[in-house]
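Down below is the structure, laid out as structure tokens.
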Amino acid sequence: MKWWNEKFINRRDYLLDHFEDLSLSCEECMAILLIDFMNEHNIPIAHGILANKMKLEEAQIDDLLSRLTQKGYLDIVYENKKIAFLIDGVFEDRANKTVSFDQSLFDVFESEFARPLTQPELQRLSDWLKQYEQKLILYALREALMYNKRSFDYIERILMEWKKRNYTAKDYEEGK
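With the numbering used here applied, the sequence shown covers 160 to 335.
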């Protein structure tokens, strides 16, 4: 499964949060957000519907969808006897800049916290994976548990302190 299809990922939040990193105009971003929303809620997508929702002419929507397709952000395919609008390209473009999610890391946190992680905690953990080595996150969790602190804030303070000191997982393993 692709990381952007995981149940704890809010794709629209992700798009808005990373808007400045994407080469999208405001209209293109709105079209992507609408397509994502309509796909999620199984609402049929057509040029006329997008034109009506975005208050644009159908010719403008056609041009907009063409630009999104040229950028590789949108793929319009014929599946199961209907047309599907796929926006995986928006996320695939950034796939080289993001870290894949390791389910075992989430499992370790859920096991140590003795409960399922909340949506914000899952998002926070996935954000850490973009900044820190997975091993370092696990070592920070270990440090927090040694002091009986089962708190994401506490773990984040450890990670930030280690980052400030350029402390790596290898340093931890060597007992520095």
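Where is the CB? At the ideal position from N, CA and C, for every residue including glycine.
Quick one: grab the DSSP three-state call for residue i.
i              : result
serine 259     : At serine 259 the pLDDT is 44, less than 50, meaning the model places this residue with poor confidence; the figure from the coordinates comes in the next sentence. Residue state, collapsed to three classes: coil.
alanine 273    : coil
isoleucine 235 : strand
threonine 228  : helix
histidine 206  : helix
glycine 248    : helix
glutamate 292  : coil
leucine 281    : helix
isoleucine 314 : helix
isoleucine 191 : helix
arginine 324   : coil
methionine 319 : helix
tyrosine 298   : helix
asparagine 198 : helix
leucine 174    : helix
tyrosine 306   : coil
Considering only residues of the same chain and omitting the five flanking positions on each side of residue i, which have a CB-CB separation below 7 Å?
i                 : result
leucine 304       : Glu271
phenylalanine 311 : Glu280, Arg283
I think residue i touches residue j, with their Cβ atoms under 8 Å apart; what is that distance to the nearest whole Å?
i                 : j              : result
isoleucine 202    : tyrosine 232   : The Cβ separation is near 20 Å, so there is no contact.
phenylalanine 167 : glutamine 282  : 7 Å
aspartate 172     : isoleucine 246 : Not really, about 14 Å apart at Cβ, beyond 8 Å.
glutamate 292     : alanine 328    : 5 Å
lysine 230        : serine 182     : 7 Å
Below 6 Å CB to CB, which residues in the same chain sit around residue i once its five sequence neighbours on both sides are set aside?
i                 : result
glutamate 315     : none
alanine 287       : Looking at the sequence itself, residue 287 is tryptophan, so the reference to alanine does not match. Excluding sequence neighbours, tryptophan 287 sits near Ile296.
phenylalanine 250 : Trp163
tyrosine 331      : Tyr298
arginine 309      : Phe272
From the DSSP output, which residues share a beta bridge with residue i?
i          : result
lysine 241 : Glu238
Who are the Cβ neighbours of residue i in its own chain at under 8 Å, not counting the five residues just before and after it?
i           : result
alanine 210 : Glu216, Glu217, Gln219, Ile220
proline 275 : Glu269
### Task
Evaluate the contact criterion for the region 314-332 versus the region 292-306: three or more CB pairs, one atom per stretch, below 8 Å.
yes
### Cβ pair count under 8 Å reaching 3, the region 208-218 against the region 176-192
yes
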